[in-house]
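Comments concern the structure below.
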Amino acid sequence: MTELNKTAEWAALASHWSEVEPLQMRDLFRENPERSEQMSIRQCGILLDYSKNRATQKTLNLLLGLANAADVDGWRRRMFAGERINNTENRAVLHVALRNRSNRPIWFDGEDVMPGVNEALNKMESFSNDVRSGQWKGFTGKAITDVVNIGIGGSNLGPLMACEALKHYQDPKLRLHFVSNVDSTHLLETVKGLNPETTLFIVASKTFTTQETLTNALTARAWLLDTLTDEKAVARHFVAVSTNAEQVTKFGIDTDNMFEFWDWVGGRYSLWSAIGLPIAIAIGMSGFYEMLQGAHEMDEHFLHADLSENMPVIMALLGIWYVDFAQARTQAILPYDQYLRYLPDYLQQADMESNGKRVTRFGRPVEYATGPVIWGTAGTDGQHAFYQLIHQGTQMIPCDFIIPINSHNESGDHQQILFANCLAQTEALMKGKTRKEARQEMEAAGLDAEQIVDLLPHKIFPGNKPTNTLLIDRVTPGRLGSLIALYEHKIFVQGAIWRVNSFDQWGVELGKQLAGVILEELLDEEKSNSHDASTQGLISYYRHHRKK
Ligand code: G6Q
């Protein structure tokens, strides 16, 4: 198979970049009044305006040629058909089944997975209803007031992000907390002030072997028993979400209190499964179903729409355009909504763990850049911090601006100000400020000729900075579902084109192994001193100062 960067499609794009590089977006808009209309897609309650990109129709055609050559159509069909496309773990990738609200059969190894999916949803429904209504009682007969999710990575970021995003729909009497870091401060600061009699812990771990989660869960158990003293209390205050019944039992949680999912659900794609239990408890199962429905609508769009009108595909292709042909190394996710403040963190994991890969799925080193660094923050805060570098730094940083038109917390003119800021940024990033405009502005402000000469280079904005703008009506469970599914499929398409396996995470597994080795040596001085001088020195320093 020809290396990706040796294909005709790749070569055409590489030479096309030299045609596009000198073009100014402000000229493209002037020359084509239809540009915004032509470069927008409306789907699943999301308007994607991708016209502020350094791309022409020819660019899109060439990118679509690359997608066709990579058989993106075949890959999307194979994923939905339950093929084992996660080849290094020999697993299918079927998070789409978890939100398959059409309930049409989805086959894996000759078996329809939908009855199992529905059964798991029913169990979540009945449990979340019981907790919300107060029917589920703690050991001393009191209703639950606080739910603490203990999990990390994919078993934390999804429910954390979604519970924050959908806070408006929560009953304030039932509080949700998330503990992920193995630093005891995280757990102990979280339980400070909580009443063990009314606290429920959800231990969320796909493997149920993750050191951080199990350590936190054991400490939480001890905290509970410190007050409730009777081991039997654990059954009323601990539930587990996992694929590993054996380890759950070993930990001491009854499998009746276990919510199952399957190895064909990747950790970072698992908030649609029982890992979403905190979301169901927070907003109710009807809200959770709405979120699944929103994601399902995006799945249908992704699976059936022509690639040229396909929202995730277009976003994926533009991403590849910048990473591989314009050498952009990072991408910013900028949600203009406080409720979406954890979305950049969530997408950071989704994208970087999926496409942060250096070999193809066949094990050959890639000869081109793959996943970019994903980062960002919510609202106007970033404008007063890092936007400087986006406007006038030396790197190209493509940005996604995501904003709802309506706020759940309308108050005075806040929402208009927020919206105006968002659009003003995308416009300024595209247009920039020319020498002439900067000069005129300073003249109008009454600066003298000498000051103008000195300041002019600093006041020029090159513009031509690429952005996507995504508008939604409001942050609802349904729209959140569509938005997350949009990014999941974008990541999938990029992985398909880059020929990487987007569904394994050997780098994460490495961390899990390494910590175990050093831990033993920290605890036991007799253990081998087989590290490099730096690591060994740091271990000795630690031992010495811990003793003191
Ligand atoms: C996600 C990754 C990783 C994983 C955590 C927690 O795709 O695999 O972030 O979710 O390491 O793993 P457990 O759920 O098994 O505890």
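Sequential numbering from 6 applies to the sequence shown in the numbering used here. All C-beta atoms, glycine included, are put in the ideal place defined by N, C-alpha and C.
Between the segment 86-102 and the segment 41-57, can you find at least three pairs of beta-carbon atoms closer than 8 Å?
no
Indicate the three-state DSSP secondary structure (helix, strand or coil) for Asn473 in the structure shown.
Within the sequence shown, residue 473 is the residue found at index 468, counting from 1. It is a strand residue.
Report whether the distance from the Cβ of Ser160 to the nearest heavy atom of the ligand G6Q is below 8 Å.
Here the question's residue 160 lines up with position 155 in the sequence shown. Yes, the ligand G6Q has a heavy atom inside 8 Å of this Cβ.
Can you name the start and end residues of the beta strand (DSSP E) that Arg479 belongs to?
Start at 1 with the first residue of the sequence shown, and residue 479 comes out as number 474. Run containing Arg479: none; DSSP gives neither H nor E here.
So, for Glu314: in the same chain, excluding its five sequence neighbours on each side, which residues have a beta-carbon less than 8 Å away from its beta-carbon?
As a working mapping, residue 314 is identified with position 309 in the sequence shown. Closer than 8 Å at Cβ, skipping near neighbours: Ile46.
Determine, using beta-carbon pairs with one atom in the segment 157-165 and one in the segment 262-274, whether at least three such pairs fall under 8 Å.
yes
Could you tell me which of Ser138, Glu217, Leu69 sits nearest to Val513, measuring between CA atoms?
The sequence position of residue 513 within the sequence shown is 508, counting from 1. The shortest C-alpha separation from Val513 is found at Glu217.
Cβ-based neighbour list, Gly324, same chain, cut-off 8 Å, excluding 5 preceding and 5 following:
Within the sequence shown, numbered from 1, the residue matching residue 324 stands at position 319. Closer than 8 Å at Cβ, skipping near neighbours: Gln336, Pro377, Pro403, Lys495, Gln499.
Whose CA, out of Arg241, Met263, Lys237, lies closest to the CA of Asn249?
Translated into positions along the sequence shown, residue 249 becomes position 244. Among Arg241, Met263, Lys237, the Cα nearest to that of Asn249 belongs to Met263.
Same chain, Cβ closer than 8 Å to Lys178, neighbours up to 5 away in sequence not counted:
By 1-based counting over the sequence shown, the position of residue 178 is 173. Correct list, in chain order: Thr150.
The beta strand (DSSP E) with Leu247 in it runs from where to where?
By 1-based counting over the sequence shown, the position of residue 247 is 242. For the sequence presented, residue 247 should be read as Ser rather than Leu. Unbroken beta strand (DSSP E) run through Ser247: 243-247.
Are the segment 395-415 and the segment 458-478 touching by the rule of at least three beta carbon pairs closer than 8 Å?
yes
Identify whether Met166 lies in helix, strand or coil by the three-state DSSP scheme.
Start at 1 with the first residue of the sequence shown, and residue 166 comes out as number 161. Met166 falls in the helix class under three-state DSSP.
Should Thr218 be listed as close to the ligand G6Q, given that the test is whether its C-beta is under 8 Å from any heavy atom?
Locating residue 218 in the sequence shown gives position 213, counting from the first residue. Answer for Thr218: yes, Cβ within range of the ligand G6Q.
Span of the beta strand (DSSP E), counted from its first residue to its last, around Met263:
As a first step, residue 263 must be located in the sequence shown, where it is residue number 258. Met263 -> beta strand (DSSP E) spans 263-265.
So which of Asp76, Leu28, Arg31, Cys49 has the shortest CA-CA distance to Leu9?
Indexing the sequence shown from 1 puts residue 9 at position 4. Nearest of Asp76, Leu28, Arg31, Cys49 to Leu9, Cα basis: Asp76.
Determine whether the beta carbon atoms of Tyr492 and Asp311 lie at a separation below 9 Å.
Within the sequence shown, the letter at position 487 stands for residue 492. Within the sequence shown, the letter at position 306 stands for residue 311. Going by C-beta atoms, Tyr492 is not nearer than 9 Å to Asp311.
Taking the alpha helix (DSSP H) that Phe132 belongs to, which residues open and close that run?
Position 127 of the sequence shown, counted from the first residue, corresponds to residue 132. Segment 119-138, the alpha helix (DSSP H) holding Phe132.
Measuring only from the beta carbon, is Gly156 closer than 8 Å to any heavy atom that is part of the ligand G6Q?
As a first step, residue 156 is located in the sequence shown; it is residue number 151 there, counting from the start. Checking the Cβ of Gly156 against the ligand G6Q gives yes.
For the pair the segment 483-490 and the segment 412-421, tell me if three or more CB-CB distances fall below 8 Å.
no
DSSP three-state assignment for Asp509, whether helix, strand or coil:
The residue you call residue 509 lines up with position 504 of the sequence shown. It is coil, neither helix nor strand.
Taking 8 Å as the cut-off, is the C-beta of Thr215 nearer than that to any heavy atom in the ligand G6Q?
Stepping through the sequence shown from its first residue, residue 215 is reached at position 210. Yes, the Cβ of Thr215 comes within 8 Å of a heavy atom of the ligand G6Q.
Is Ala209 near the ligand G6Q, with its Cβ less than 8 Å from a heavy atom?
Here the question's residue 209 lines up with position 204 in the sequence shown. Yes, the ligand G6Q has a heavy atom inside 8 Å of this Cβ.
Is the beta carbon of Val253 within less than 8 Å of some heavy atom of the ligand G6Q?
The residue given as residue 253 occupies position 248 in the sequence shown. No - the ligand G6Q has no heavy atom lying nearer than 8 Å to the Cβ of Val253.
Any heavy atom of the ligand G6Q closer than 8 Å to the CB of Arg96?
Here residue 96 is taken as the residue at index 91 of the sequence shown, counted from 1. Outside the cutoff, so no.
Closest Cα partner of Leu181 within the set Thr190, Arg363, Thr195, Asp188
Taking the sequence shown and counting its residues from 1, one reaches residue 181 at position 176. It is Thr195.
Please list the terminal residues of the continuous alpha helix (DSSP H) segment that includes Gln541.
Here residue 541 corresponds to residue number 536 of the sequence shown, with the count starting at 1. Counting along the chain, the alpha helix (DSSP H) containing Gln541 begins and ends at 538-552.
At 3 residues or longer, and completely inside the segment 31-99: list those beta strand (DSSP E) runs for me, N to C.
45-48, 51-54
Contact test: Ser275 Cβ vs the ligand G6Q heavy atom, cutoff 8 Å:
As a working note, residue 275 is residue 270 in the sequence shown. Yes.
Cβ atoms of Glu305 and Gly483: under 9 Å apart, would you say?
Sequence index remark: in the sequence shown, residue 483 carries index 478 (1-based). Sequence index remark: in the sequence shown, residue 305 carries index 300 (1-based). Taking 9 Å as the Cβ cut-off, Gly483 and Glu305 do not qualify as a contacting pair.
Where Phe206 and Thr214 are concerned, what is the direct C-alpha to C-alpha distance, given to the nearest angstrom?
To locate residue 206, count along the sequence shown from 1; it is residue 201. To locate residue 214, count along the sequence shown from 1; it is residue 209. Using only the alpha carbons, I get a separation of about 17 Å.
Through-space distance from Arg59 to Met166, alpha-carbon basis:
Taking the first residue of the sequence shown as position 1, residue 166 is located at position 161. Taking the first residue of the sequence shown as position 1, residue 59 is located at position 54. Taking the straight line joining both Cα atoms gives about 31 Å.
Start and end residues, alpha helix (DSSP H) containing His301:
Here residue 301 is taken as the residue at index 296 of the sequence shown, counted from 1. Element bounds for His301: 290-309.
Per DSSP, what kind of secondary structure is Pro177 in: helix, strand or coil?
Here residue 177 is taken as the residue at index 172 of the sequence shown, counted from 1. If DSSP states are grouped into helix, strand and coil, Pro177 belongs with coil.
Of the choices Ala520, Leu519, His549, Phe497, whose alpha-carbon is the least far from that of Arg82?
Position 77 of the sequence shown holds residue 82. Among Ala520, Leu519, His549, Phe497, the Cα nearest to that of Arg82 belongs to Phe497.
Which residue wins for smallest C-alpha separation from Leu276, given the options Asp537, Asp114, Leu126?
For the purposes of this step, residue 276 is taken as the residue at position 271 of the sequence shown. Considering only alpha carbons, the answer is Leu126.
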